[in-house]
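Student:
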Amino acid sequence: MNFPKRKDIQGLRGLAIIYVLSFHLYPWLFRNGYLGVDIFFVISGYLMTMILEKQPSVCFSQTVVFYKKRIKRIFPAYFMLLFTLLLYGYFTLAEKDFELLQTDSNWAAFFATNIHKYILNEGYFSDIANYDFLVHTWSLAVEIQFYFIAPILVLFLKGHLVAQILWVFILFASIWFNLSTSGPLQFSSLPSRMWQFMCGSLYSPTLLYSFTGPHGIGHTTIALIAVSPAIIFPPINKDFIRFIVTMASALLIWLEDDVLVNKFLGNKYLYYVGEISYSVYLLHWPAIVIFNYTLNADHLYSLFTSLCILFSHNSASLTAFL
(Lines of atoms letter the chains of each structure in order from A and count residues from 1; the text may use other names and numbers.)
(Lines give C-alpha, C1' and ligand atoms only; values in the text may rest on other atoms or scores of the structure.)
Protein backbone atom coordinates (compact mmCIF):
# COMPACT_ATOMS: atom_id res chain seq x y z
CA MET A 1 0.00 0.00 0.00
CA ASN A 2 1.40 3.40 -1.00
CA PHE A 3 0.60 6.59 0.88
CA PRO A 4 0.82 10.12 -0.52
CA LYS A 5 3.79 12.18 0.59
CA ARG A 6 3.11 14.87 3.13
CA LYS A 7 4.47 18.17 1.84
CA ASP A 8 5.25 19.38 5.35
CA ILE A 9 7.40 16.32 6.06
CA GLN A 10 9.26 16.73 2.79
CA GLY A 11 9.83 20.35 3.80
CA LEU A 12 11.08 19.25 7.22
CA ARG A 13 13.49 16.92 5.42
CA GLY A 14 14.62 19.88 3.33
CA LEU A 15 15.21 21.92 6.48
CA ALA A 16 17.19 19.07 8.03
CA ILE A 17 19.54 18.65 5.05
CA ILE A 18 20.09 22.42 4.90
CA TYR A 19 21.17 22.27 8.55
CA VAL A 20 23.58 19.39 7.88
CA LEU A 21 25.00 20.96 4.73
CA SER A 22 25.49 24.29 6.50
CA PHE A 23 27.35 22.58 9.34
CA HIS A 24 29.67 20.65 7.04
CA LEU A 25 30.45 23.67 4.86
CA TYR A 26 30.60 26.36 7.54
CA PRO A 27 31.12 24.56 10.89
CA TRP A 28 32.42 27.67 12.65
CA LEU A 29 29.21 29.53 11.74
CA PHE A 30 26.49 26.86 11.98
CA ARG A 31 27.87 24.90 14.92
CA ASN A 32 24.61 23.15 15.71
CA GLY A 33 23.77 22.15 12.14
CA TYR A 34 24.60 18.52 12.88
CA LEU A 35 21.21 18.37 14.62
CA GLY A 36 19.66 18.03 11.18
CA VAL A 37 20.40 14.31 11.49
CA ASP A 38 18.32 14.22 14.68
CA ILE A 39 15.39 15.61 12.69
CA PHE A 40 15.88 12.85 10.10
CA PHE A 41 15.67 10.23 12.86
CA VAL A 42 12.37 11.64 14.14
CA ILE A 43 10.93 11.67 10.61
CA SER A 44 12.07 8.08 10.02
CA GLY A 45 10.47 6.92 13.25
CA TYR A 46 7.17 8.50 12.24
CA LEU A 47 7.24 7.06 8.72
CA MET A 48 8.21 3.57 9.84
CA THR A 49 5.41 3.47 12.40
CA MET A 50 2.78 4.83 10.01
CA ILE A 51 3.74 2.35 7.27
CA LEU A 52 3.61 -0.62 9.62
CA GLU A 53 0.53 0.52 11.55
CA LYS A 54 -1.55 0.91 8.39
CA GLN A 55 -0.93 -2.70 7.39
CA PRO A 56 -3.77 -5.13 8.27
CA SER A 57 -1.35 -6.80 10.67
CA VAL A 58 2.32 -6.60 11.53
CA CYS A 59 3.01 -10.16 10.38
CA PHE A 60 6.00 -11.77 8.68
CA SER A 61 4.77 -11.20 5.12
CA GLN A 62 4.00 -7.53 5.76
CA THR A 63 7.38 -7.08 7.41
CA VAL A 64 9.09 -8.54 4.33
CA VAL A 65 7.22 -6.06 2.12
CA PHE A 66 8.31 -3.27 4.45
CA TYR A 67 11.97 -4.30 4.14
CA LYS A 68 11.76 -4.63 0.36
CA LYS A 69 10.52 -1.05 0.06
CA ARG A 70 13.28 0.25 2.33
CA ILE A 71 15.90 -1.65 0.32
CA LYS A 72 14.57 -0.30 -2.97
CA ARG A 73 14.72 3.25 -1.64
CA ILE A 74 18.12 3.18 0.08
CA PHE A 75 20.38 0.57 -1.50
CA PRO A 76 20.81 1.62 -5.19
CA ALA A 77 22.22 5.10 -4.59
CA TYR A 78 24.09 3.98 -1.47
CA PHE A 79 26.01 1.15 -3.12
CA MET A 80 26.57 3.23 -6.23
CA LEU A 81 28.30 5.76 -3.97
CA LEU A 82 30.53 3.06 -2.42
CA PHE A 83 31.48 1.71 -5.86
CA THR A 84 32.22 5.19 -7.23
CA LEU A 85 34.38 6.12 -4.25
CA LEU A 86 36.38 2.89 -4.52
CA LEU A 87 36.90 3.54 -8.22
CA TYR A 88 38.02 7.09 -7.48
CA GLY A 89 40.30 5.89 -4.68
CA TYR A 90 41.92 3.19 -6.80
CA PHE A 91 43.11 5.73 -9.35
CA THR A 92 43.84 8.76 -7.19
CA LEU A 93 44.55 7.94 -3.54
CA ALA A 94 47.85 6.97 -1.98
CA GLU A 95 48.10 3.27 -1.18
CA LYS A 96 47.61 3.69 2.56
CA ASP A 97 44.65 6.03 2.09
CA PHE A 98 43.03 3.63 -0.37
CA GLU A 99 43.41 0.78 2.12
CA LEU A 100 41.63 2.90 4.72
CA LEU A 101 38.86 3.65 2.21
CA GLN A 102 38.51 -0.07 1.46
CA THR A 103 38.16 -0.85 5.15
CA ASP A 104 35.62 1.93 5.65
CA SER A 105 33.69 0.74 2.59
CA ASN A 106 33.54 -2.81 3.90
CA TRP A 107 31.99 -1.63 7.17
CA ALA A 108 29.68 0.77 5.33
CA ALA A 109 28.51 -2.03 3.01
CA PHE A 110 27.12 -3.82 6.06
CA PHE A 111 25.70 -0.56 7.48
CA ALA A 112 28.06 -0.76 10.43
CA THR A 113 30.03 2.48 10.13
CA ASN A 114 28.90 3.53 13.60
CA ILE A 115 30.16 0.25 15.08
CA HIS A 116 33.49 0.64 13.28
CA LYS A 117 33.98 4.16 14.64
CA TYR A 118 33.18 2.96 18.14
CA ILE A 119 35.81 0.21 17.88
CA LEU A 120 38.37 2.74 16.64
CA ASN A 121 37.15 5.32 19.18
CA GLU A 122 36.93 7.89 16.40
CA GLY A 123 34.28 10.52 17.01
CA TYR A 124 32.22 12.31 14.40
CA PHE A 125 33.80 15.61 15.39
CA SER A 126 37.41 14.42 15.42
CA ASP A 127 39.99 15.95 13.07
CA ILE A 128 40.56 12.63 11.32
CA ALA A 129 36.94 12.69 10.14
CA ASN A 130 37.79 15.62 7.87
CA TYR A 131 39.39 13.17 5.42
CA ASP A 132 37.05 10.23 6.05
CA PHE A 133 34.95 9.76 2.89
CA LEU A 134 32.26 7.72 4.61
CA VAL A 135 32.04 9.13 8.14
CA HIS A 136 28.57 10.49 7.36
CA THR A 137 27.20 6.99 6.71
CA TRP A 138 27.01 6.40 10.46
CA SER A 139 23.46 7.82 10.45
CA LEU A 140 22.33 5.46 7.69
CA ALA A 141 23.82 2.60 9.69
CA VAL A 142 21.77 3.62 12.73
CA GLU A 143 18.63 3.91 10.60
CA ILE A 144 19.05 0.48 9.00
CA GLN A 145 19.73 -1.04 12.41
CA PHE A 146 16.52 0.57 13.67
CA TYR A 147 14.56 -1.01 10.81
CA PHE A 148 15.25 -4.45 12.27
CA ILE A 149 13.51 -3.63 15.53
CA ALA A 150 10.84 -1.22 14.20
CA PRO A 151 8.23 -3.97 13.63
CA ILE A 152 8.70 -5.20 17.20
CA LEU A 153 8.30 -1.69 18.62
CA VAL A 154 5.12 -1.16 16.57
CA LEU A 155 3.74 -4.44 17.94
CA PHE A 156 4.43 -3.17 21.46
CA LEU A 157 2.78 0.17 20.66
CA LYS A 158 -0.34 -1.56 19.26
CA GLY A 159 -0.40 -4.21 21.97
CA HIS A 160 -1.98 -4.46 25.39
CA LEU A 161 -1.06 -2.38 28.42
CA VAL A 162 1.93 -4.51 29.42
CA ALA A 163 3.42 -4.25 25.92
CA GLN A 164 2.87 -0.48 25.89
CA ILE A 165 4.54 -0.16 29.29
CA LEU A 166 7.50 -2.09 27.89
CA TRP A 167 7.60 0.35 24.95
CA VAL A 168 7.74 3.30 27.36
CA PHE A 169 10.47 1.54 29.36
CA ILE A 170 12.57 1.14 26.18
CA LEU A 171 12.03 4.83 25.38
CA PHE A 172 13.30 6.02 28.76
CA ALA A 173 16.10 3.44 28.79
CA SER A 174 17.36 4.90 25.51
CA ILE A 175 17.21 8.44 26.91
CA TRP A 176 19.11 7.30 30.01
CA PHE A 177 21.72 5.57 27.84
CA ASN A 178 22.17 8.75 25.79
CA LEU A 179 22.66 10.89 28.89
CA SER A 180 24.97 8.47 30.70
CA THR A 181 27.42 7.74 27.87
CA SER A 182 29.84 9.86 25.87
CA GLY A 183 31.93 9.86 22.70
CA PRO A 184 31.01 7.62 19.73
CA LEU A 185 28.80 5.42 21.91
CA GLN A 186 26.58 8.37 22.79
CA PHE A 187 26.63 10.06 19.41
CA SER A 188 26.27 7.24 16.91
CA SER A 189 24.94 4.07 18.55
CA LEU A 190 21.41 2.76 18.09
CA PRO A 191 20.66 2.42 21.84
CA SER A 192 21.56 6.09 22.29
CA ARG A 193 19.45 7.23 19.33
CA MET A 194 16.45 4.93 19.55
CA TRP A 195 14.42 7.39 21.62
CA GLN A 196 14.45 9.89 18.75
CA PHE A 197 12.90 7.37 16.35
CA MET A 198 10.38 6.50 19.04
CA CYS A 199 9.43 10.15 19.54
CA GLY A 200 8.55 10.28 15.85
CA SER A 201 6.42 7.16 16.23
CA LEU A 202 4.25 8.78 18.92
CA TYR A 203 2.08 10.48 16.28
CA SER A 204 -1.58 9.56 16.67
CA PRO A 205 -4.99 11.23 16.12
CA THR A 206 -5.58 11.40 19.88
CA LEU A 207 -2.32 13.25 20.47
CA LEU A 208 -3.01 15.43 17.44
CA TYR A 209 -6.31 16.61 18.88
CA SER A 210 -4.65 18.32 21.81
CA PHE A 211 -2.46 20.39 19.49
CA THR A 212 -5.22 21.64 17.18
CA GLY A 213 -8.03 24.09 17.64
CA PRO A 214 -7.91 27.78 18.63
CA HIS A 215 -4.52 27.51 20.34
CA GLY A 216 -2.87 25.40 17.65
CA ILE A 217 -0.95 28.34 16.23
CA GLY A 218 0.79 28.80 19.58
CA HIS A 219 2.12 25.27 19.53
CA THR A 220 3.14 25.72 15.90
CA THR A 221 5.07 28.90 16.58
CA ILE A 222 6.88 27.30 19.50
CA ALA A 223 7.82 24.27 17.39
CA LEU A 224 9.06 26.33 14.45
CA ILE A 225 11.17 28.49 16.75
CA ALA A 226 12.49 25.47 18.64
CA VAL A 227 13.99 23.81 15.55
CA SER A 228 15.92 26.99 14.73
CA PRO A 229 18.75 26.42 17.25
CA ALA A 230 20.27 23.99 14.77
CA ILE A 231 21.23 27.03 12.72
CA ILE A 232 21.08 30.33 14.59
CA PHE A 233 21.86 29.66 18.25
CA PRO A 234 25.41 29.57 19.63
CA PRO A 235 26.73 26.28 21.05
CA ILE A 236 24.89 25.34 24.23
CA ASN A 237 24.49 22.10 26.17
CA LYS A 238 24.29 19.40 23.49
CA ASP A 239 21.98 17.12 25.46
CA PHE A 240 19.53 19.95 26.09
CA ILE A 241 19.42 21.25 22.53
CA ARG A 242 19.12 17.70 21.14
CA PHE A 243 16.07 17.10 23.33
CA ILE A 244 14.48 20.41 22.30
CA VAL A 245 15.03 19.87 18.56
CA THR A 246 13.81 16.27 18.77
CA MET A 247 10.58 17.17 20.55
CA ALA A 248 9.98 20.20 18.32
CA SER A 249 10.40 18.02 15.22
CA ALA A 250 7.90 15.50 16.59
CA LEU A 251 5.48 18.34 17.34
CA LEU A 252 5.75 19.65 13.78
CA ILE A 253 4.92 16.17 12.48
CA TRP A 254 1.88 16.00 14.78
CA LEU A 255 0.63 19.38 13.48
CA GLU A 256 -0.24 17.81 10.14
CA ASP A 257 -3.19 20.03 9.26
CA ASP A 258 -1.89 23.26 10.76
CA VAL A 259 -2.01 26.16 8.29
CA LEU A 260 1.23 27.75 9.46
CA VAL A 261 3.15 24.46 9.32
CA ASN A 262 1.97 23.71 5.80
CA LYS A 263 2.63 27.24 4.63
CA PHE A 264 6.21 27.22 5.88
CA LEU A 265 7.32 23.59 5.52
CA GLY A 266 5.07 22.83 2.56
CA ASN A 267 6.42 25.58 0.30
CA LYS A 268 7.75 24.39 -3.06
CA TYR A 269 11.37 25.30 -2.34
CA LEU A 270 11.73 23.31 0.87
CA TYR A 271 9.67 20.51 -0.69
CA TYR A 272 12.11 20.28 -3.60
CA VAL A 273 15.12 20.23 -1.29
CA GLY A 274 13.40 17.53 0.75
CA GLU A 275 12.86 15.46 -2.40
CA ILE A 276 16.60 15.34 -3.12
CA SER A 277 17.71 15.30 0.53
CA TYR A 278 18.83 11.66 0.52
CA SER A 279 21.07 12.16 -2.52
CA VAL A 280 22.38 15.43 -1.13
CA TYR A 281 23.24 13.69 2.14
CA LEU A 282 25.02 10.83 0.40
CA LEU A 283 27.09 12.98 -1.94
CA HIS A 284 27.87 16.25 -0.21
CA TRP A 285 30.44 14.95 2.28
CA PRO A 286 32.46 12.81 -0.17
CA ALA A 287 32.51 15.82 -2.51
CA ILE A 288 33.96 17.99 0.25
CA VAL A 289 36.58 15.38 1.15
CA ILE A 290 37.60 14.92 -2.49
CA PHE A 291 38.21 18.64 -2.89
CA ASN A 292 40.07 18.82 0.40
CA TYR A 293 42.17 15.78 -0.46
CA THR A 294 43.03 16.60 -4.07
CA LEU A 295 43.25 20.39 -3.90
CA ASN A 296 43.98 20.91 -0.20
CA ALA A 297 41.31 23.57 -0.55
CA ASP A 298 39.79 23.98 2.87
CA HIS A 299 38.10 27.25 1.99
CA LEU A 300 36.43 26.55 -1.36
CA TYR A 301 33.06 26.45 0.34
CA SER A 302 31.12 28.32 -2.32
CA LEU A 303 32.39 25.89 -4.92
CA PHE A 304 31.53 22.95 -2.66
CA THR A 305 27.99 24.21 -2.23
CA SER A 306 27.37 24.64 -5.96
CA LEU A 307 28.85 21.27 -6.90
CA CYS A 308 27.08 19.39 -4.11
CA ILE A 309 23.71 20.76 -5.18
CA LEU A 310 24.43 20.02 -8.85
CA PHE A 311 25.67 16.46 -8.24
CA SER A 312 22.90 15.67 -5.80
CA HIS A 313 20.19 16.92 -8.15
CA ASN A 314 21.50 14.74 -10.97
CA SER A 315 21.81 11.76 -8.64
CA ALA A 316 18.27 12.24 -7.35
CA SER A 317 16.95 12.19 -10.90
CA LEU A 318 18.95 9.04 -11.68
CA THR A 319 17.97 7.27 -8.47
CA ALA A 320 14.29 7.70 -9.28
CA PHE A 321 14.71 5.28 -12.17
CA LEU A 322 16.78 2.65 -10.33
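Letter by letter, the sequence shown follows residues 1 to 322 of the numbering used here.
We put the CB at the ideal spot given by N, CA and C, even for glycine.
Spatial neighbours of A108 within its chain, please: CB distance less than 7 Å, with the 5 preceding and 5 following residues excluded, ordered by chain position.
Tutor: Along the sequence shown, read from residue 1 onward, the residue named residue 108 stands at position 108. If we look at A108 and ignore the five residues flanking it on each side, its Cβ neighbours are L82, L134 and T137.
Student: Given a cut-off of 9 Å on the beta-carbon distance, is the pair L265 and K7 in contact?
Tutor: Here residue 265 is taken as the residue at index 265 of the sequence shown, counted from 1. Here residue 7 is taken as the residue at index 7 of the sequence shown, counted from 1. Yes, the pair counts as a contact, with Cβ atoms nearer than the cut-off.
Student: Alpha carbon to alpha carbon, how far is P76 from A141? Give it in angstroms, no decimals.
Tutor: Residue numbering aside, residue 141 sits at position 141 when the sequence shown is read from its first letter. Residue numbering aside, residue 76 sits at position 76 when the sequence shown is read from its first letter. One C-alpha to the other measures close to 15 Å.
Student: Check the C-beta distance from P329 over to E122 and give it rounded, since I have them as a contact under 8 Å.
Tutor: It is not possible to answer for residue 329, since the shown part of the chain is limited to 1 through 322.
Student: With distance defined between alpha-carbon atoms, name the residue in I165, F41 and P151 nearest to V349.
Tutor: Given that the chain is displayed from residue 1 to residue 322, the structure contains no residue 349 and the question cannot be resolved.
Student: Could you give the DSSP three-state label for A331: helix, strand or coil?
Tutor: As shown, the chain starts at 1 and ends at 322. That puts residue 331 outside it, with no answer to give.
Student: DSSP three-state label for L255, please.
Tutor: Your numbering for residue 255 matches position 255 in the sequence shown. Three-state DSSP puts L255 in coil, outside helix and strand.
Student: Measure the C-alpha to C-alpha separation of I236 and K263 and round it to an integer number of angstroms.
Tutor: Numbered from its first residue, the sequence shown carries residue 236 at position 236. Numbered from its first residue, the sequence shown carries residue 263 at position 263. Straight-line Cα distance between these residues: approximately 30 Å.
Student: Along the chain, where does the alpha helix (DSSP H) that runs through P138 open and close?
Tutor: Position 138 of the sequence shown, counted from the first residue, corresponds to residue 138. Here residue 138 turns out to be Trp, not Pro, going by the sequence shown. Looking at the DSSP string, the run of the alpha helix (DSSP H) that includes W138 is W138 to K158.
Student: Among G36, K5, L25 and L29, whose alpha-carbon lies nearest the alpha-carbon of L15?
Tutor: For the purposes of this step, residue 15 is taken as the residue at position 15 of the sequence shown. Answer by Cα proximity: G36.
Student: Express the C-alpha separation of F146 and R13 in angstroms, rounding to a whole number.
Tutor: As a first step, residue 13 is located in the sequence shown; it is residue number 13 there, counting from the start. As a first step, residue 146 is located in the sequence shown; it is residue number 146 there, counting from the start. Going from the Cα of R13 to the Cα of F146 covers about 19 Å.
Student: Starting from the C-beta of Y131, find all residues in its chain whose C-beta is less than 7 Å away, skip the five residues before and the five after it, and write them out in chain order.
Tutor: What you label residue 131 is simply residue 131 of the sequence shown in a count that begins at 1. Answer for Y131: V289, N292 and Y293, listed in chain order.
Student: Are there 16 or more other CB atoms within 10 angstroms of the CB of Q196, so buried, or fewer, so exposed?
Tutor: Along the sequence shown, read from residue 1 onward, the residue named residue 196 stands at position 196. It counts as buried.
Student: Rounded to a whole number of angstroms, what is the C-alpha to C-alpha distance between K117 and A287?
Tutor: Within the sequence shown, numbered from 1, the residue matching residue 117 stands at position 117. Within the sequence shown, numbered from 1, the residue matching residue 287 stands at position 287. Answer to the nearest angstrom: the Cα atoms are 21 Å apart.
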